[in-house]
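Participant: Quick one: the structure is below, questions incoming.
Protein chains: 4
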Amino acid sequence: MANSKFEYVRAFEQPDNLLANTWIVVRVDGRGFSKLTTKYHFTKPNDKRALDLMNAAARRVMSELPDLVIAFVFHKDCTLFERRASKLTTTIVSTFTAAYMHYWPEYLPDEKLSSPLPTFDGRAVCYPGDENLRHYMSWRQVDCHINNLYNTTFWALVQQGGMEPRAAEQALAGTVSSDKNEILFSRFGINYNNEPEIFKKGSVLYRDYAPSSIQSSPTPELAHPKPRQI
Amino acid sequence: MANSKFEYVRAFEQPDNLLANTWIVVRVDGRGFSKLTTKYHFTKPNDKRALDLMNAAARRVMSELPDLVIAFVFHKDCTLFERRASKLTTTIVSTFTAAYMHYWPEYLPDEKLSSPLPTFDGRAVCYPGDENLRHYMSWRQVDCHINNLYNTTFWALVQQGGMEPRAAEQALAGTVSSDKNEILFSRFGINYNNEPEIFKKGSVLYRDYAPSSIQSSPTPELAHPKPRQI
Amino acid sequence: MANSKFEYVRAFEQPDNLLANTWIVVRVDGRGFSKLTTKYHFTKPNDKRALDLMNAAARRVMSELPDLVIAFVFHKDCTLFERRASKLTTTIVSTFTAAYMHYWPEYLPDEKLSSPLPTFDGRAVCYPGDENLRHYMSWRQVDCHINNLYNTTFWALVQQGGMEPRAAEQALAGTVSSDKNEILFSRFGINYNNEPEIFKKGSVLYRDYAPSSIQSSPTPELAHPKPRQI
Amino acid sequence: MANSKFEYVRAFEQPDNLLANTWIVVRVDGRGFSKLTTKYHFTKPNDKRALDLMNAAARRVMSELPDLVIAFVFHKDCTLFERRASKLTTTIVSTFTAAYMHYWPEYLPDEKLSSPLPTFDGRAVCYPGDENLRHYMSWRQVDCHINNLYNTTFWALVQQGGMEPRAAEQALAGTVSSDKNEILFSRFGINYNNEPEIFKKGSVLYRDYAPSSIQSSPTPELAHPKPRQI
């Protein structure tokens, strides 16, 4: 509309359309969450309320953006926003942030929000092959498992073993998975395999495409969030 | 950390570092705000509370990201996040969204938030020359002026003139600025020049670098938001 | 080596690595060839010597760059030059140009080269799916067919029909394939289907991976260039 | 023209337009030139004929591409090929290669070309500031100086000192500039400062914009190639 001599500056915007026929994964990360989880008294190593809040926010994003087939994966055929990376990532990150803020009082009613507020960043990655996408999901799941095993052991040492955080850290330095399993079992009677699946594997939201004859609502409903092994 | 056979998928992340020695402008836009402003009963054509909320959110972003010299411009020398476009844009958009949600009850106490929540998108643009940056600011200001003149006239016709929105739209089709000024003055006694500066020109937040001998706080304080002609 | 204060300028080089797991097609185009073919008296509409020269140059490029599986397609797994677009395209274009210059006297012994010399440009395109690559090849082949049918008819009108080029151009404006076939047959007794395959479909060079028990040379030999329908 | 169902594959071509208002430097490098210079018996450390051939080829590129202000720098205002990186680099590299091949017999009449032919690669880099461009030129000049001092000393040790290449290499390992100057002077009576400027600093071609009243030819003539200190 502003048809002025200054409008030439629009030409500096460089296209960032993502390659067609590839899966677009938008990965969202919490910013400074180790500090934030301490400030708001999250239960360690896992706070079920906070995980549920995350899933609620992710579910909201999937409701708002029907092009998402998994949280947060756009189909190879998706043409939303002409596949512009900045539009796709900022829209997801903003919608996620707004939902996370909105649902916070519902999931964490005793924690009043103040600065610093919970914020997130994001990036888009293209995966050409279906196998690449599966491996991406596996990578995230393995990452979740490794972090959770570490955190579970660390907090057992601190909370039940009475160790200082630094001492617990040193005790775990150089240990492999079987070492941590052994510490958990022999010292704290915890069988890691019996930990909740959602802690060990994370959760995946995906859109459930029901056969159209059964599907009554025009918009496909989202499946309930649940841990899913890939 | 997850040193698994799946980790190769990281290699699909493509670098998006923005060219060095250029001003990085991150433009943030509201998503679906014409619908949203109706839903939450914003005063038309301008809602001072909503403008103040925007500025409060922008001020918060500048507090959190000291690399910003203007809302939202990173200095040519800035190396934050290695100048990665996705990190810079999503961090700004997420911080802005969180702040906007957080301050909402303070600025719009009577409007309870529900779906759809206010969300934003963003993009990064590089400007090599200082003049390019000035022209960018001018472009946004001209854009603000043109939109505001249109909106002021449109809502005068509707609110004071009793026209239907569609009729007002048709009445304004093809008019130039002087026509709208004339309509405002002759029919509604409004001298557009006397409208508040913040309505006509928008507002700009910038970081005020006071001389270090005067500056007492370690972090430079933000100037109060105020309309500034460029 | 030049470890000086100026070396920071290297940081301005932006990465252009092409997405992994995609077919990389480098398309090479002659620059100003309609002028060039006139200057060097190429037979119209097709000069077999010039086509053979093109194929000889392409064969040379494939010999020099064993990563090429088709002229000029790099395999999805190819990691040559870290898949940097500029290295891949300029290397192919330079090698092609050098070979074209080198073989010229062999294929066009009567045409002494002078300015302007034959030059080429190129670009790299990524195709994620095998089908995308097949369709790319089909696209080029259809393009070749459409151009060749037009050129064959145009030059029949000019060379055998005695028309001025401009008149021939006007005679063909708005015609479809069947019209051109009809003109060729009824006016010049040419059955387009009997034209040489290499004129109608172009040629494709591909690397023939013979079974290793038969293959004696360490480097796989190139198949002879031949038209191939896809 | 090929209006077929396959034409969708064009959409996979991703834009690579370089940022406006920046100097575009296209750097061209010889591929495998240490091998090539040996094969074609280039005089070491510098072969004046080969340098002149390089300059002749560069001069030809500048004649063909009037947008070039320096070999090979496009002006900040240049809009050639819409500033597409692949078009700009491949056109320069191809034109340079063709000219290098074409002038070869003139400058190196005794060296008959055969495989491997001389080929080049190239890349485009954007420099936003004039100072960045000057520093780029300085960087290349410093690089030339350092390499030439090394090569001059190395070949003095080999050619005049009778050392094996490997021994000469070891003799120079860890030496700084002053050491090499000293070796040249004390052992071979060579005062490095008296070496030809073109060896020590390389050469720069630039377009000489004469006042239009003096300039008779429509196309501005190129300045003669000459070493120029920056």
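Residue numbers (numbering that gives the first Met the number 0), protein chains in the order written: chain A, 0 to 229; chain B, 0 to 229; chain C, 0 to 229; chain D, 0 to 229.
Note that the Cβ used here is the ideal one computed from N, Cα and C, for glycine as well.
Just so we're clear, the structure is a prediction, and the values are computed from it rather than from any experiment.
Which residues share a DSSP beta bridge with I23 of chain C?
Facilitator: According to DSSP, which records beta bridges pairwise, I23 of chain C is partnered with C:F73, C:C125.
Participant: Does the CB of F71 of chain A have a neighbour CB from chain D at under 8 Å?
Facilitator: Chain D contact via Cβ: absent.
Participant: Apply the 10 Å Cβ neighbour rule to R139 of chain B and answer buried if 16 or more other Cβ atoms are within range, or exposed otherwise.
Facilitator: By the 10 Å Cβ count, R139 of chain B comes out buried.
Participant: In the DSSP assignment, find the alpha helix (DSSP H) that holds N180 of chain D and state where it starts and stops.
Facilitator: That run of the alpha helix (DSSP H) goes 176 to 187.
Participant: Does DSSP classify N147 of chain D as helix, strand or coil?
Facilitator: Helix at N147 of chain D.
Participant: Out of curiosity, what's the CA-to-CA distance linking K38 of chain A and E110 of chain A?
Facilitator: Roughly 9 Å separates the two Cα atoms.
Participant: For a quick check, are the C-beta atoms of V24 of chain D and V72 of chain D less than 8 Å apart?
Facilitator: Yes, they are a contact pair.
Participant: According to DSSP, simplified to helix, strand and coil, what is R83 of chain A?
Facilitator: Here R83 of chain A sits in strand by DSSP.
Participant: Compare the Cα-Cα distances from L50 of chain A to each of A:Y106, A:E81, A:Y7 and report the closest residue.
Facilitator: L50 of chain A has its Cα closest to that of A:Y106, out of A:Y106, A:E81, A:Y7.
Participant: Any idea what DSSP makes of F153 of chain B, helix, strand or coil?
Facilitator: Residue state, collapsed to three classes: helix.
Participant: Quick one: what does DSSP say R236 of chain C is sitting in, helix, strand or coil?
Facilitator: Outside the modelled stretch of chain C, which goes from 0 to 229, sits residue 236 of chain C, for which no answer is possible.
Participant: In whole angstroms, what is the alpha-carbon distance linking D15 of chain A and F187 of chain A?
Facilitator: Taking the straight line from one Cα to the other gives about 52 Å.
Participant: Show which residues of chain A have a CB atom less than 9 Å away from the CB atom of V11 of chain D.
Facilitator: Checking the sequence, you will find Phe at residue 11 of chain D rather than Val. Here the neighbours are L18, A19, N20.
Participant: So what does DSSP say about L132 of chain D, is it helix, strand or coil?
Facilitator: L132 of chain D: helix per DSSP, three-state reduction.
Participant: Taking the continuous alpha helix (DSSP H) assigned at L50 of chain B, which residues delimit it?
Facilitator: Counting along the chain, the alpha helix (DSSP H) containing L50 of chain B begins and ends at 47 to 63.
Participant: Excluding sequence positions up to five away, which residues of its chain have a Cβ less than 7 Å from the Cβ of S176 of chain B?
Facilitator: Correct list, in chain order: L148.
Participant: Just curious, the alpha helix (DSSP H) that T42 of chain D is in, first and last residue?
Facilitator: No alpha helix (DSSP H) contains T42 of chain D, which DSSP labels as neither H nor E.
Participant: Note down, in chain order, each residue of its chain lying with its Cβ closer than 6 Å to the Cβ of T94 of chain D, except the 5 sequence neighbours on either side.
Facilitator: The residues are V60, E63.
Participant: Let me see if you follow: with CB-CB separation under 8 Å, is V92 of chain A close to chain B or not?
Facilitator: At least one chain B Cβ lies under 8 Å of V92 of chain A.
Participant: Where does D28 of chain A sit, in a helix, a strand or coil, going by DSSP?
Facilitator: Looking at D28 of chain A - three-state DSSP - the assignment turns out to be strand.
Participant: Of all the residues that make up the region 104 to 133 of chain B, which are near chain D by a beta-carbon distance shorter than 7 Å?
Facilitator: Within the region 104 to 133 of chain B, the residues whose Cβ lies closer than 7 Å to some Cβ of chain D are C125, P127, G128, N131, listed in chain order.
Participant: Using a Cβ-Cβ distance cut-off of 8 Å, determine whether S85 of chain A contacts chain B.
Facilitator: True, the Cβ-Cβ gap to chain B drops below 8 Å.
Participant: Using DSSP with H/G/I as helix, E/B as strand and the rest coil, what is F5 of chain A?
Facilitator: The answer is coil: DSSP assigns F5 of chain A none of H, G, I, E or B.
Participant: Let me know if F184 of chain B comes out buried or exposed under the rule of 16 or more other beta-carbons within 10 Å of its beta-carbon.
Facilitator: Flag for F184 of chain B reads exposed.
Participant: Find the nearest neighbour of R30 of chain A within the set B:Y7, B:F11, B:E168, B:K86, judged by alpha-carbon distance.
Facilitator: Per the Cα distances, B:K86.
Participant: Expressed to the nearest angstrom, what Euclidean distance is found between the alpha-carbon atoms of I91 of chain D and D120 of chain D?
Facilitator: Between I91 of chain D and D120 of chain D, the C-alpha separation is close to 10 Å.
Participant: So, with DSSP's three-state summary, where would you put N16 of chain B?
Facilitator: Three-state result, N16 of chain B: strand.
Participant: With 8 Å as the threshold, decide whether the Cβ of E194 of chain A is near any Cβ in chain B.
Facilitator: No, its Cβ sits nowhere closer than 8 Å to a Cβ of chain B.
Participant: Indicate whether at least one CB of chain C lies closer than 8 Å to the CB of P14 of chain B.
Facilitator: Cβ-Cβ to chain C under 8 Å: yes for P14 of chain B.
Participant: When you compare each of C:V203, C:Y208, C:D207 to R26 of chain C by their alpha carbons, which one comes out closest?
Facilitator: Ranking C:V203, C:Y208, C:D207 by Cα distance to R26 of chain C puts C:V203 first.
Participant: Hey, how far is the Cα of G173 of chain B from the Cα of K179 of chain B?
Facilitator: Each residue's Cα considered, the two are about 10 Å apart.
Participant: Between G201 of chain D and E6 of chain C, what straight-line distance do the alpha-carbon atoms span, to the nearest angstrom?
Facilitator: About 17 Å.
Participant: Where does P217 of chain B sit, in a helix, a strand or coil, going by DSSP?
Facilitator: Reliability of the predicted coordinates at P217 of chain B is poor, the pLDDT of 38 falling under 50, and the value obtained from them is presented with this limitation in mind. P217 of chain B falls in the coil class under three-state DSSP.
Participant: At the level of alpha carbons, what is the spacing between L79 of chain C and Q13 of chain A?
Facilitator: Taking the straight line from one Cα to the other gives about 27 Å.
Participant: Return the CA-CA distance between I145 of chain D and E196 of chain D, expressed in angstroms with no decimal places.
Facilitator: Roughly 13 Å separates the two Cα atoms.
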